[in-house]
Every structure is written in C-alpha cells, then in structure tokens.
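Working notes, structure below.
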Amino acid sequence: MAEEVKLFRNWSSPFALRVVWALQLKGVPYETIYEDLSEKSSLLLHYNPIHKKIPVLVHNGKPLAESLVILEYIEETWKQTPLFPEDPYERSTARFWARFGDDHLSPSVFNVFIKQGKEQKEAIARAHGNLKYLEEELRGKKFFSGEKIGYVDLAFGWVANLISVCEEVKGLTLIEHEKHPLLLAWIQNFMDAPIIKESWPPRDKLISKYHARIEFYSSKEAAEK
C-alpha cells in the first residue's frame, strides 16, 4: 500500500516552507493542499482543531501540527538524508537553536520593523544581540548543521528571506556586513541550494504582503499608546 502524505499550507508561510524543504531533501512524495486562511477549509479545521493553523502534515490519515514537531516526525519516519546529527548532545543543541529562533529571535526581529523611535532603537539592539549568537554559532561552518543543510538551517530558513523583505519594506538594514559576515555567507549558501531556491514564494508578492502586515501592526502599536 502506497504511503499517503499531504501537506496543508499557504503560499507564503515560512513555517510551512520548513516542511516543504524537509520533505524535498528526503525525497518524500507528497500532495500540497493550499489553504486560504481567511476562509479555512473544513479539512484543515478537522485536522488541526486546536490551533486552526498551517502547516499540517497528514501521513496515512494521521495529522501533525506545528512545524518543528513535523520536522522531527519527518526525521524519525524517513531515515534517508538525516537532518539531525547522530550525537545526542548535538541533537539536543539543534533543538535548542530551533526554539531560540522561534521564541526569541523572531519576535525581536519583527519588533524592529513595527516599533518607532526609542522603542525601535531598543528593538534593534535586542535583535542585534540575538543575531550575534547566530554569528558565533556559524564560526567554522558552512551551515548551522555543518557542511550540509540540516534541521537548524531549516528552522532558521526564514532569516534568509524575510528579513531582507522587511528591510526593503522599511528601508533599513538589520543584518550588516561588518557585524554579520558569517550569517550573510550562510544566507547566500542556503539560498543557493537548488531545493531551497526552487521553493521561495515570489518576492514581489512577499513585499506586498509584509508591507501591509507591517503597516497594520505599526498602526496598532501607535493606537495602543
């Protein structure tokens, strides 16, 4: 009996892209089901009734939500092209960095683009502090996972694309050549990988989406003051 693998996603989600990349790196065939998040399908609500979000991976009828959880499931289910290191300590460290990206780096970066004045300066300082950790982690490495793309690289994949999109929208530079040469080299190496390059959403559409999103949250911030 052939395996049935379905991925519920939308066109732009960086979290769904993590799953796309993992499946493609491992050569796992799957069906993509695109969701309109303004009008979520009954299937999405059935498979992810708690969060009602994408991505959702459905494997032989069994659903999984949350992108980092899905990546670990993919790693444990399809053994080819490992995404995690073999060493238990290094595997735990990889999980730490993935959580650091979602829990600390992502909100600090987003605040840079929605805050104003003094608060924006403070947000930039926090974001630079977090980006410095990534710079240090990349010393002596091509990718976070070593010589090949792995779990941590997929978790940080949004850094390679969305930060530059938001920089263009706001007309400021967050990742700087003087402060982040290793991170910029990683971004180039990551984006040049064929499987990664083929999967990026259209940049012009991302610019439009994040322009609207940043404007919305900036206005909301101003209204709450």
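Per the working numbering, numbering of the sequence shown is gapless, rising by one per residue and ending at 216.
Even for Gly, the Cβ is constructed at its ideal location relative to N, Cα and C.
| task | Go ahead and label asparagine 152 buried or exposed: buried means 16 or more other beta carbons lie within 10 angstroms of its beta carbon, across all protein chains shown. | result | Burial is judged here by how many other beta carbons sit within 10 angstroms of a residue's own beta carbon; asparagine 152 has at least 16 and is buried.
| task | Using the Cα positions of leucine 28 and phenylalanine -1, report the straight-line distance between them to the nearest angstrom. | result | 11 Å
| task | Give the DSSP bridge partners of histidine 50, in chain order. | result | Val(-4) and Lys53
| task | Can you check the segment 50 to 123 for any beta strand (DSSP E) of at least 3 residues that lies completely inside it and give the ranges in chain order? | result | 53 to 56
| request: Please list, in chain order, all residues of the same chain as isoleucine 65 whose beta carbon is under 6 Å from its beta carbon, the five residues on each side excluded. | output: Ala13
| message | Please classify alanine 56 as buried or exposed, where buried requires at least 16 other C-beta atoms within 10 Å of its C-beta. | response | buried
| What number of angstroms, rounded off, separates the C-alpha of leucine 173 from the C-alpha of glutamate 126? | 6 Å
| query | Is the beta carbon of serine 136 sitting closer than 8 Å to the one on aspartate 144? | reply | yes
| message | With a threshold of 8 Å, are at least 3 pairs of Cβ atoms found where one atom belongs to the segment 167 to 185 and the other to the segment 32 to 52? | response | no
| said: Beta-carbon within less than 7 Å of proline 192's beta-carbon, same chain only, minus the 5 sequence neighbours each way: which residues are those? | reply: Trp2 and Ser3
| message | Can you look up isoleucine 198 in the DSSP assignment and give me helix, strand or coil? | response | helix
| task | Going by CA-CA distance only, name the one from Lys132, Val103, Asn180 and Lys43 that's closest to glutamate 212. | result | Val103
| Helix, strand or coil for glutamate 217 per DSSP? | There is simply no residue 217 to check, as the chain begins at -8 and stops at 216 in what is shown.
| request: Rank Pro46, Cys157 and Thr68 by C-alpha distance to the C-alpha of glutamate -6 and give the top, closest one. | output: Thr68
| task | Keeping to the same chain, check which residues put their C-beta closer than 7 Å to that of methionine 182; ignore five residues upstream and five downstream. | result | Ala151 and Lys188
| task | Report the residue from Glu215, Val(-4), Pro73 and Ser32 whose alpha carbon sits nearest the alpha carbon of isoleucine 140. | result | Pro73
| said: My output table needs one value for tyrosine 38: the three-state DSSP class, helix, strand or coil. | reply: helix
| query | If you check the beta carbons only, do isoleucine 199 and leucine 8 fall under 8 Å apart? | reply | According to the sequence as given, residue 199 is serine; it is not isoleucine. Their beta carbons are not under 8 Å apart, which means serine 199 does not touch leucine 8 by this criterion.
| request: Select from Phe6, Gln15, Val10 and Lys(-3) the residue whose C-alpha is nearest the C-alpha of proline 185. | output: Gln15
| request: Could you have a look at isoleucine 45 and say whether DSSP puts it in helix, strand or coil? | output: coil
| Rounded straight-line distance, which links the Cα of lysine 133 to that of isoleucine 178 | Taking the straight line joining both Cα atoms gives about 10 Å.
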